[in-house]
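Enquirer: Below is the structure I would like to discuss, written out as structure tokens.
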Amino acid sequence: MTTLSDTTSYYVSVLSEMELDTPVRCAPEHHPAITVVRTDDGVFAIDDTCTHQDTSLSDGWVENCAIECPLHETCFDLRTGIPQGPPATRAVATHPVSVVDGLVYVLLARGESFSNTAERDATDAA
Numbered sequence: 491m492t493t494l495s496d497t498t499s500y501y502v503s504v505l506s507e508m509e510l511d512t513p514v515r516c517a518p519e520h521h522p523a524i525t526v527v528r529t530d531d532g533v534f535a536i537d538d539t540c541t542h543q544d545t546s547l548s549d550g551w552v553e554n555c556a557i558e559c560p561l562h563e564t565c566f567d568l569r570t571g572i573p574q575g576p577p578a579t580r581a582v583a584t585h586p587v588s589v590v591d592g593l594v595y596v597l598l599a600r601g602e603s604f605s606n607t608a609e610r611d612a613t614d615a616a
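Sequence positions in the sequence shown follow our numbering and run 491 to 616.
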């Protein structure tokens, strides 16, 4: 289990400068690219690469707390990373987000990214 002491904070943006439902692509050192999205429900971070085909999800569209892959239109839930339909069948990793004094940070495990492994495994088994 990863604890907060095992994490590093990656600065993303000033919260007030993030447009609603507009993906922001981040490239933390030693981690896969991440997409961060501010929605009416909060700020969410997921791995940037679609699990169906190597496409940047930050080029996709956001609606109802889901991001649509621009290539084959699979929508991924920003809260869980789980795809809402084909062609993708595997979830993208999600990452904890912290907003401190109006600044947005993604929390990353040292040496490996946080992920929703249990949900991904459940999706793969389906």
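Every residue gets a Cβ at the ideal spot worked out from N, C-alpha and C, and that includes glycine.
Remember, predicted model here, so these are calculated numbers, not experimental data.
Inspect the beta-carbon positions of F566 and L547 and report whether they are closer than 8 Å.
Expert: Yes, the Cβ-Cβ distance between F566 and L547 is below 8 Å.
Enquirer: What's the call for P576, buried or exposed, on a 16-neighbour Cβ count within 10 Å?
Expert: exposed
Enquirer: Would you call the region 547-561 and the region 495-502 touching, i.e. three or more CB-CB distances under 8 Å?
Expert: Below 8 Å, too few C-beta pairs join the region 547-561 and the region 495-502 to call them touching: fewer than three.
Enquirer: Helix, strand or coil for D537 per DSSP?
Expert: strand
Enquirer: Runs of 3 residues minimum, wholly inside the region 542-601: which ones carry the beta strand (DSSP E) assignment?
Expert: 551-553, 556-558, 565-567, 587-590 and 593-599
Enquirer: Could you compute how far the alpha carbon of I524 sits from the alpha carbon of D511?
Expert: 15 Å
Enquirer: Take the Cβ of V504 as the centre, count every other Cβ of all protein chains shown within 10 Å, and call the residue buried at 16 or more, exposed below.
Expert: exposed
Enquirer: My assumption, with CB atoms under 8 Å, is that A581 sits in contact with G592. Please give the rounded CB distance.
Expert: Not quite, the Cβ-Cβ distance comes to about 30 Å (not below 8 Å), so this is no contact.
Enquirer: If contacts are defined as beta-carbon pairs under 8 Å, then V594 and V552 qualify, I think. What distance do you get, rounded to the angstrom?
Expert: Their Cβ separation, rounded to whole angstroms, is 16 Å, which puts V594 and V552 out of contact at 8 Å.
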